[in-house]
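Using the numbering used here, read the sequence shown as starting at 5 and increasing by one per residue. Beta carbons: idealized from backbone N, C-alpha and C, even for Gly. Treat the numbers as computed from the prediction; the structure is a model and nothing was measured.
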Amino acid sequence: MLALPLCSTINAQTMAFNGKWETESQDGYEEFCKLIGIPDDVISKGRDFKLVTEVIQNGDDFTWIQYYPNSHVVTNKFIVGKESDMETVGGKKFKGTVSMEGGKLAISFPKYHHTSEISGGKLVETSTATAASGPVVFVRTSKKI
Numbered sequence: 005m006l007a008l009p010l011c012s013t014i015n016a017q018t019m020a021f022n023g024k025w026e027t028e029s030q031d032g033y034e035e036f037c038k039l040i041g042i043p044d045d046v047i048s049k050g051r052d053f054k055l056v057t058e059v060i061q062n063g064d065d066f067t068w069i070q071y072y073p074n075s076h077v078v079t080n081k082f083i084v085g086k087e088s089d090m091e092t093v094g095g096k097k098f099k100g101t102v103s104m105e106g107g108k109l110a111i112s113f114p115k116y117h118h119t120s121e122i123s124g125g126k127l128v129e130t131s132t133a134t135a136a137s138g139p140v141v142f143v144r145t146s147k148k149i
């Protein structure tokens, strides 16, 4: 049996992020978007849109590109564990640090916490915001294209 150093195991897990991914399903989309302040017309356009996410990775260095309706593109470049300039889908700029938590990329955006992982060969993105009634969770599952 071959034993790999821990860092090699993490790199093998995270390398699976590379590629282009297309939305297959979304759960909790509308409630989550309303809670974080996305306008109704934008929510309507995105409801059935097949978002494409492109991930380019070199070790801990990532470029994460999301292609939205009306040619809106959001690109975030980051290095795991280092503070980076980031942008929300709504165009808000902020500084954030992406961490690796058990094979999941994780970051706290201004209004929600977001994780991305590869599960069953799919990209699963989970965003959690807090409402007065408790957490509101949005899960987007994408297939590799």
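| task | Have a look at Gly-138, Thr-145, Ile-69 and flag the residue whose alpha-carbon is nearest the alpha-carbon of Leu-39. | result | In the sequence shown, residue 39 corresponds to position 35, counting from 1. Ranking the options by Cα distance to Leu-39, first place goes to Gly-138.
| field | Closest by C-alpha distance to Thr-79, when choosing among Pro-73, Glu-87, Thr-92 | value | By 1-based counting over the sequence shown, the position of residue 79 is 75. Nearest C-alpha to Thr-79: Thr-92.
| Could you give the distance in angstroms between the alpha-carbon of Val-84 and the alpha-carbon of Lys-115? | As a first step, residue 84 is located in the sequence shown; it is residue number 80 there, counting from the start. As a first step, residue 115 is located in the sequence shown; it is residue number 111 there, counting from the start. Between Val-84 and Lys-115, the C-alpha separation is close to 20 Å.
| field | beta strand (DSSP E) runs contained entirely in the segment 69-123, provided each spans 3 or more residues | value | 77-83, 87-91, 97-101, 103-105, 108-112, 117-123
| Classification of Arg-144 by the beta-carbon crowding that lies within 10 angstroms, buried from 16 upward | Translated into positions along the sequence shown, residue 144 becomes position 140. Buried is the call here.
| query | Beta-carbon separation of Trp-25 and Lys-148 under 7 Å? | reply | By 1-based counting over the sequence shown, the position of residue 25 is 21. By 1-based counting over the sequence shown, the position of residue 148 is 144. Result yes, Cβ atoms of Trp-25 and Lys-148 sit closer than 7 Å.
| field | Coarse secondary structure for Lys-38, derived from DSSP in three states | value | The residue you call residue 38 lines up with position 34 of the sequence shown. Helix, per DSSP.
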